[in-house]
Amino acid sequence: MRSGDSTTIDVPESSAIAKGKAPLIAVAKQEKGGWKRGVAIFDFILRLGAIVAALAAASTMGTSDETLPFFTQFFQFEASYDDLPTFQFFVIAMAIVSGYLVLSLPFSIVSIVRPHAVAPRLLLLILDTVALTLNTSAGAAAAAIVYLAHNGNPNTNWLAICQQFGDFCQKVSGAVVASFVSVVVFMFLILLSALAIRKA
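Right, here's the structure in full:
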């Protein structure tokens, strides 16, 4: 061997290929995490909307009160939500649902920060199902009373009072509609949580 010659060693490019694959896997994981983060952000926005709907339902029903302008010394015609236990249950249930939604916001934020975490999603899925059940029962019970208030029931001598108490019926009807808006939002929240857990 002459002193001017240089020896070259061919190194296989397997390490370079392996190094090239690692960033591809990392990019794939980042894309998957980005999709889950997007779902978590949408979940957070939906929860804010559900809070508004539930609070609107509770406050509207809680402030429904109307007194007819004609009354005598002994009789005064008044309609209020606390005259009916069903409406009282509605106000309490929607207040509980609103409080739960506020308390669930930190867990939704955790899902945004850590999109691959399953425990917060599973907890929200279970609690959302319980809140959906309470919300649906309150809304359905109030809807039955609102229907009777609008149409009455001659078989049970239940008179339609909405012709006299128009403002009262308008408020309780709006409260029922707002409660069912939150029911629909809860259904989307449960579907999102189930989808995120299934794709984990």
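If you count the sequence shown from 1, you need to add 1288 to reach the working numbering.
By construction, the Cβ of each residue, glycine as well, lies at the ideal position given by its N, Cα and C atoms.
Computed from a prediction, not measured in an experiment: that's the story for all the values here.
Check whether the Cβ atoms of residue i and residue j lie closer than 8 Å to each other.
i	j	result
LEU1422	VAL1460	no
VAL1406	ILE1485	yes
ASN1439	ALA1448	yes
ALA1437	PHE1378	no
For the alpha helix (DSSP H) that contains residue i, what are its first and last residues?
i	result
VAL1472	1454-1486
GLY1440	Here GLY1440 belongs to no alpha helix (DSSP H), and DSSP marks it neither H nor E.
VAL1379	1373-1401
Under 7 Å Cβ to Cβ from residue i, same chain only, skipping five residues before and after it: list those, please.
i	result
VAL1473	LEU1334, GLY1337, ALA1338 and ALA1341
PHE1468	GLY1427
ASP1370	GLN1376
How big is the Cα-Cα spacing for residue i and residue j?
i	j	result
PHE1456	SER1425	21 Å
ALA1344	ALA1466	7 Å
LYS1324	LEU1480	10 Å
Using a Cβ-Cβ cutoff of less than 8 Å, which residues in the same chain neighbour residue i once the five nearest sequence positions on both sides are dropped?
i	result
LEU1483	VAL1327
SER1392	ARG1335, LEU1412, LEU1415 and ASP1416
ILE1478	LEU1413, ASP1416, THR1417 and LEU1420
Less than 6 Å between C-beta atoms, sequence neighbours within five positions excluded: which residues of the same chain meet that for residue i?
i	result
HIS1404	none
VAL1434	VAL1460, SER1461 and VAL1464
PRO1408	PHE1395, VAL1398 and SER1399
Does any C-beta atom of chain C lie closer than 8 Å to the C-beta of residue i?
i	result
ARG1409	Among the chains in the structure shown there is no chain C, since it carries only a single protein chain.
- prompt: Is there contact here, the region 1397-1405 with the region 1321-1332, by at least three beta-carbon pairs under 8 Å?
  reply: yes
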